[in-house]
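To start, the structure under review is shown below, and the notes come after it.
Residue numbers (our numbering), protein chains in the order written: chain A, 35 to 167; chain F, 334 to 485.
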């Protein structure tokens, strides 16, 4: 009899939401949880860096861009410099007014707010595709 | 059953009017769809948070614009945050005022900014009032033993 191969228990994808606004954190997490993610959230770029430096890993990081002290671009640069390979997605308003090179900083994608089901589904799919060897 | 049907019709008519008048856009519908058994108070929670946040932002904007030397970067920070939160829950007209507000503070036009702040206050309190009425209608439906109709 053929040995039964145990299919890996597909655990949920993990997302970190970084945003200084509570409404955005709440909305982003709700959309992501609805579409198969386990979510954590922090209020600043600095907290995101500290959390990941402490050993926490995430499949994807949703990064607000305009934030006080350490903005999303600076936080992304810091995370990439630390060797973080997670998908990093910038999400904010008025992207045209933000004079930064998002991709050069290490973001994989940028979206204009608001967070939507389409965004959550699209990144979920991209992560699954990336995991197929 | 008649009472429930009447209340439900009232609810649908009222919510439809909010979409028609542009106070809310499709994002609000998406927010409602996120509410489920695992998150039964979601809409109420996020809207309450929006009310608290918004009133702080309006207060901070009033202070920022009242200074001898207006720091337009502070104004930008507040309006930017307001734009993000209002667009996240679908408060369309509030979000649109944020767009015209930017034009004023980019040009360092104080008079224009003060006008925009007033418009922002007006639109915010209007949508706040409408959403509170909406929640009251929901409570009435639930109290009568009915379910809240899902739109769209």
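Here a beta-carbon is modelled for each residue, glycine too, at the ideal position from N, C-alpha and C.
Computed from a predicted structure; not experimentally measured.
One or two residues paired with residue i in a DSSP bridge
i	result
residue 168/A	Residue 168/A lies beyond the range of chain A shown here (35 to 167); nothing can be said about it.
residue 338/F	Beta-bridge pairing links residue 338/F to no other residue.
residue 369/F	372/F
Among the options, the one whose alpha carbon lies nearest that of residue i
i	options	result
residue 335/F	455/F, 418/F, 474/F	474/F
residue 125/A	145/A, 109/A, 115/A, 118/A	145/A
residue 54/A	386/F, 370/F, 368/F, 367/F	386/F
residue 58/A	350/F, 381/F, 361/F, 417/F	417/F
residue 379/F	61/A, 136/A, 48/A	61/A
residue 384/F	482/F, 483/F, 419/F	419/F
residue 388/F	421/F, 339/F, 457/F	457/F
residue 136/A	119/A, 149/A, 147/A, 110/A	110/A
residue 487/F	397/F, 403/F, 421/F	No statement about residue 487/F is possible, as the shown extent of chain F runs from 334 to 485 and does not include it.
residue 29/A	151/A, 150/A, 106/A	The structure shown does not extend to residue 29/A, since chain A spans only 35 to 167, so no value can be given for it.
Alpha carbon of residue i to alpha carbon of residue j, nearest angstrom
i	j	result
residue 412/F	residue 400/F	17 Å
residue 392/F	residue 423/F	22 Å
residue 75/A	residue 468/F	28 Å
residue 160/A	residue 69/A	13 Å
residue 477/F	residue 337/F	6 Å
residue 373/F	residue 359/F	20 Å
residue 163/A	residue 463/F	43 Å
residue 355/F	residue 466/F	17 Å
residue 133/A	residue 97/A	16 Å
residue 122/A	residue 139/A	10 Å
residue 376/F	residue 395/F	28 Å
residue 45/A	residue 92/A	13 Å
residue 350/F	residue 461/F	15 Å
residue 369/F	residue 154/A	18 Å
residue 450/F	residue 128/A	19 Å
residue 156/A	residue 50/A	16 Å
residue 167/A	residue 471/F	Its pLDDT being 37, under 50, residue 167/A is placed unreliably in this model, and the value from its coordinates should be taken loosely. Taking the straight line joining both Cα atoms gives about 49 Å.
residue 63/A	residue 73/A	6 Å
residue 352/F	residue 437/F	27 Å
residue 95/A	residue 108/A	14 Å
residue 130/A	residue 90/A	32 Å
residue 120/A	residue 66/A	16 Å
residue 48/A	residue 403/F	42 Å
residue 484/F	residue 362/F	7 Å
residue 479/F	residue 459/F	27 Å
residue 426/F	residue 441/F	23 Å
residue 398/F	residue 117/A	43 Å
Where the beta strand (DSSP E) through residue i begins and ends
i	result
residue 49/A	47-52
residue 78/A	Looking at the DSSP string, residue 78/A is not in any beta strand (DSSP E), and its letter there is neither H nor E.
Span of the alpha helix (DSSP H) around residue i
i	result
residue 150/A	It is not in any alpha helix (DSSP H) - residue 150/A carries neither H nor E in the DSSP assignment.
residue 456/F	443-476
residue 113/A	106-115
residue 401/F	Looking at the DSSP string, residue 401/F is not in any alpha helix (DSSP H), and its letter there is neither H nor E.
Per-residue contacts from residue i into chain C (C-beta, under 7 Å)
i	result
residue 367/F	Protein chains in the displayed structure are A and F, and chain C is not among them.
Cβ contact check for the segment 343-352 of chain F and the segment 404-411 of chain F: 3 or more pairs under 8 Å: no
Contact between the segment 80-99 of chain A and the segment 439-450 of chain F (3+ Cβ pairs under 8 Å): no
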